[in-house]
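**Student:** Quick note on numbering: the sequence shown equals residues 59 to 455 in this note's numbering.
Supplied in structure tokens, the structure appears directly below.
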Amino acid sequence: MRSNDLARHWTLDPRIDFLNHGSFGACPRPVLEAQSELRARMEREPLQFLARDLEGLLDDARGELAQFVGADPDDLAFVPNATSGVNTVIRSLELDPGDELLTTDHAYNACRNALRWQERRGAKVVVAAVPWPIATASQVSDAVLGAVTARTRLALLDHVTSPTGIIFPVEEIVGRLEARGVDALVDGAHAPGMVPLNLRRIGATYFTGNCHKWLCAPKGAAFLYVRRDHQERIRPLTISHGANAVRTDRPRFRLEFDWTGTDDPTSFLSIPHALRFLGTLFPGGWPELMQRNHALALRGRTLLCEALRIAAPAPAEMLGSLASVPLPDARGGPPPVRGVFWHPLQRALLEKHGIEVPVMPFPAPPRQLIRISAQAYNSEDQFARLATALRAELQLA
59 MRSNDLARHW TLDPRIDFLN HGSFGACPRP VLEAQSELRA RMEREPLQFL
109 ARDLEGLLDD ARGELAQFVG ADPDDLAFVP NATSGVNTVI RSLELDPGDE
159 LLTTDHAYNA CRNALRWQER RGAKVVVAAV PWPIATASQV SDAVLGAVTA
209 RTRLALLDHV TSPTGIIFPV EEIVGRLEAR GVDALVDGAH APGMVPLNLR
259 RIGATYFTGN CHKWLCAPKG AAFLYVRRDH QERIRPLTIS HGANAVRTDR
309 PRFRLEFDWT GTDDPTSFLS IPHALRFLGT LFPGGWPELM QRNHALALRG
359 RTLLCEALRI AAPAPAEMLG SLASVPLPDA RGGPPPVRGV FWHPLQRALL
409 EKHGIEVPVM PFPAPPRQLI RISAQAYNSE DQFARLATAL RAELQLA
């Protein structure tokens, strides 16, 4: 077996060293089985499930998730992914020409595109440059706060950056932005299950996070947190029955987001199963799992840095379960494969060495990096194999 004994709980191909949990996650067997049972219940009596039972089931699932992320359940809405959460906020903003939306050059491309959607209304997107390699968290704060102007209306901040795996000091930055009258939208796509969360303490106006990544819920499970004083301004991407509901027992935020049309809600309802199952893998529960994955990611990064003979590009305390390492500059542009960006090195690692790991340009070609993920099913041996394969493919003596 390429991974470790815990891999038996996942359906991952045992012939592959899967070091890319960060992209789409991977759902354990017991959670998939729980989702299958929920789907069977839904199909036995669709009207009962969707029209009568679903509201209470969503309340229960949201309650367990809220406890895990340190929020009030009524401040959470389920969305299919963090990109949808970001779009929900961005498309709800009422901006004037010249208003500025601030983000960083480590932001997820899809979310930067969501900001640019507001440019058609005359808004301006400002991108703060955060160094990488990076030495201290203060470099992030300085870059973001240094780009704030009197026209800044919102700052989109990554909690854990997708390309570089850096944990931004979001609590500090959010507080300093708040003092300057700037709302913060935290893209926490990787945060739930990777780092301890307390959304009340972070204090962001908006926070969105995926549950299908490090929480290992089924695909299509994420949440959007909206602080109570801003909920009247935020509308779901799909306007449905809740927009003119006459009910008074639930706030409009709940009525609009909990039902936007017929869909399969079982990914949301499976989140509590994922929280419970992952919490049983180690005696210390979730804290031990997070610390174990962090330590393994650091060990994997050390092996790669030794193979490439380079220094670590970020302090250990700025990493969670993701770690990126710079690679030698690319030679030529990578050709698309069936219309999908697939770096030649990434393809070689998979096809020749059986290793699934992302290689991507950052901050722009010809600069490139390789990013590793550490989840419960991974082992140090897998990262050692990657280091050996990299040296072979890059022809390092």
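The C-beta atom is built at its ideal place from N, Cα and C for all residues, glycine as well.
If you draw a straight line from the alpha carbon of residue 112 to that of residue 276, how long is it in whole angstroms?
**Tutor:** The straight-line gap from Cα to Cα measures roughly 18 Å.
**Student:** Could you give the first and the last residue of the continuous alpha helix (DSSP H) run that contains residue 410?
**Tutor:** Looking at the DSSP string, the run of the alpha helix (DSSP H) that includes residue 410 is 402-411.
**Student:** Is it buried or exposed, residue 390, if we count other Cβ atoms within 10 angstroms and call 16 or more buried?
**Tutor:** Reliability of the predicted coordinates at residue 390 is poor, the pLDDT of 49 falling under 50, and no value is obtained from them.
**Student:** Can you tell me which of the three DSSP states residue 46 falls into?
**Tutor:** This structure cannot speak to residue 46, because the chain is shown only from 59 to 455.
**Student:** Within 10 Å of its beta-carbon, does residue 315 have 16 or more other beta-carbons around it, so buried, or fewer, so exposed?
**Tutor:** Looking at its Cβ environment, which holds 16 or more other Cβ atoms inside 10 Å, residue 315 is buried.
**Student:** Starting from residue 92, trace the alpha helix (DSSP H) both ways and give me its first and last residue.
**Tutor:** 87-102 is the extent of the alpha helix (DSSP H) around residue 92.
**Student:** Please state the DSSP three-state secondary structure of residue 321.
**Tutor:** Coil, per DSSP.
**Student:** Going by other Cβ atoms of all chains shown within 10 Å of its Cβ, with 16 needed for buried, is residue 304 buried or exposed?
**Tutor:** Residue 304 is exposed by the Cβ-count criterion.
**Student:** Buried or exposed for residue 271, please, with buried defined as at least 16 other CB atoms from any protein chain shown within 10 angstroms of its CB.
**Tutor:** The residue is buried, with at least 16 neighbouring Cβ atoms inside 10 Å.
**Student:** Is it buried or exposed for residue 342, if we count other Cβ within 10 angstroms and need 16 for buried?
**Tutor:** The residue in question, residue 342, is exposed, as its Cβ has fewer than 16 Cβ neighbours within 10 Å.
**Student:** Quick one: what's got a C-beta closer than 6 Å to residue 498's C-beta in the same chain, skipping five residues either side?
**Tutor:** Residue 498 is absent from the structure shown; the chain starts at 59 and stops at 455.
**Student:** Counting Cβ pairs, one atom from each stretch, are 3 or more of them under 8 Å apart for the segment 405-423 and the segment 362-379?
**Tutor:** Cβ pair count under 8 Å is below three, so no.
**Student:** Expressed to the nearest angstrom, what Euclidean distance is found between the alpha-carbon atoms of residue 13 and residue 365?
**Tutor:** Any answer about residue 13 is impossible in this case: the structure gives the chain only from 59 up to 455.
**Student:** So, under 8 Å CB-CB, residue 151 and residue 214 are touching, yes? Tell me the CB distance rounded to an integer number of Å.
**Tutor:** Contact doesn't hold; Cβ gap of about 11 Å is too wide.
**Student:** Between residue 318 and residue 100, which are expected to be in contact by the criterion C-beta below 8 Å, what is the C-beta distance as a whole number of angstroms?
**Tutor:** Not a contact, Cβ separation roughly 17 Å.
**Student:** At the level of alpha carbons, what is the spacing between residue 300 and residue 244?
**Tutor:** The alpha-carbon atoms of residue 300 and residue 244 are separated by roughly 26 Å.
**Student:** Helix, strand or coil, according to DSSP, for residue 242 in the structure here?
**Tutor:** Strand.
**Student:** Just reading off the alpha helix (DSSP H) that residue 180 is part of, what are its end residues?
**Tutor:** That residue, residue 180, is in no alpha helix (DSSP H); it is neither H nor E in DSSP.
**Student:** Taking its Cβ as the centre, do 16 or more other Cβ atoms sit within 10 Å of residue 118, making it buried, or is it exposed?
**Tutor:** Residue 118 is exposed by the Cβ-count criterion.
**Student:** Anyone know if the C-beta pair for residue 96 and residue 436 falls short of 8 Å?
**Tutor:** The answer is no: Cβ separation not under 8 Å.
**Student:** According to the Cβ coordinates, are residue 281 and residue 136 closer than 8 Å?
**Tutor:** For residue 281 and residue 136, yes; Cβs fall inside 8 Å.
**Student:** In or out: residue 268 buried (at least 16 other Cβ within 10 Å) or exposed?
**Tutor:** Looking at its Cβ environment, which holds 16 or more other Cβ atoms inside 10 Å, residue 268 is buried.
**Student:** With a cut-off of 8 Å, do at least 3 Cβ pairs link the segment 342-356 to the segment 156-171?
**Tutor:** Contact between the segment 342-356 and the segment 156-171 is absent, because fewer than three Cβ pairs lie under 8 Å.
**Student:** Pull up the distance between the alpha-carbon of residue 296 and that of residue 239, whole angstroms please.
**Tutor:** Near 29 Å, if we compare the C-alpha coordinates of residue 239 and residue 296.
**Student:** Within the same chain, show all residues whose beta-carbon is closer than 7 Å to that of residue 107, passing over the 5 residues directly before and after it, in chain order.
**Tutor:** Excluding positions up to five away in sequence, the list reads 99, 100.
**Student:** Since I believe residue 88 is in contact with residue 331 (beta carbons under 8 Å), could you give me their beta-carbon distance rounded to a whole number of angstroms?
**Tutor:** Between residue 88 and residue 331 the Cβ distance is about 7 Å, and since that is below 8 Å, they are a contact.
**Student:** Using only alpha-carbon positions, find the residue among 308, 265, 381 that is nearest to residue 144.
**Tutor:** For residue 144, the nearest C-alpha among the options comes from 265.
**Student:** What does residue 487 pair with, by DSSP beta-bridge criteria?
**Tutor:** Residue 487 lies beyond the stretch modelled for the chain, which goes from 59 to 455, so this question has no answer here.
**Student:** Which value, in whole angstroms, describes the spacing of the CA atoms of residue 447 and residue 387?
**Tutor:** Taking the straight line from one Cα to the other gives about 18 Å.
**Student:** Residue 139 and residue 233 - do their beta-carbons sit closer together than 8 Å?
**Tutor:** Cβ distance not < 8 Å, so residue 233 and residue 139 don't count as in contact.
**Student:** Kindly list the residues whose CB is nearer than 6 Å to the CB of residue 395, restricted to its own chain and excluding five residues on each side of it in sequence; keep chain order.
**Tutor:** Reliability of the predicted coordinates at residue 395 is poor, the pLDDT of 48 falling under 50, and the value obtained from them is presented with this limitation in mind. No residues qualify anywhere along the chain.
**Student:** Have a look at residue 221 and residue 429 and give me their C-alpha separation to the nearest angstrom.
**Tutor:** The straight-line gap from Cα to Cα measures roughly 7 Å.
**Student:** In chain order, what are the residue ranges of uninterrupted beta strand (DSSP E) at least 3 long that sit wholly in the segment 103-181?
**Tutor:** List check, beta strand (DSSP E) in window: 134-137, 158-162.
**Student:** When DSSP labels each residue in this structure, what does residue 441 get in the three-state scheme?
**Tutor:** In the structure shown, residue 441 sits in a helix (DSSP, three-state: H, G or I).
**Student:** Which residue wins for smallest C-alpha separation from residue 125, given the options 198, 442, 255?
**Tutor:** Of 198, 442, 255, the residue nearest in Cα terms is 255.
**Student:** Does the beta-carbon of residue 454 have 16 or more other beta-carbons within 10 angstroms, so that it is buried, or is it exposed?
**Tutor:** So residue 454 ends up on the exposed side.
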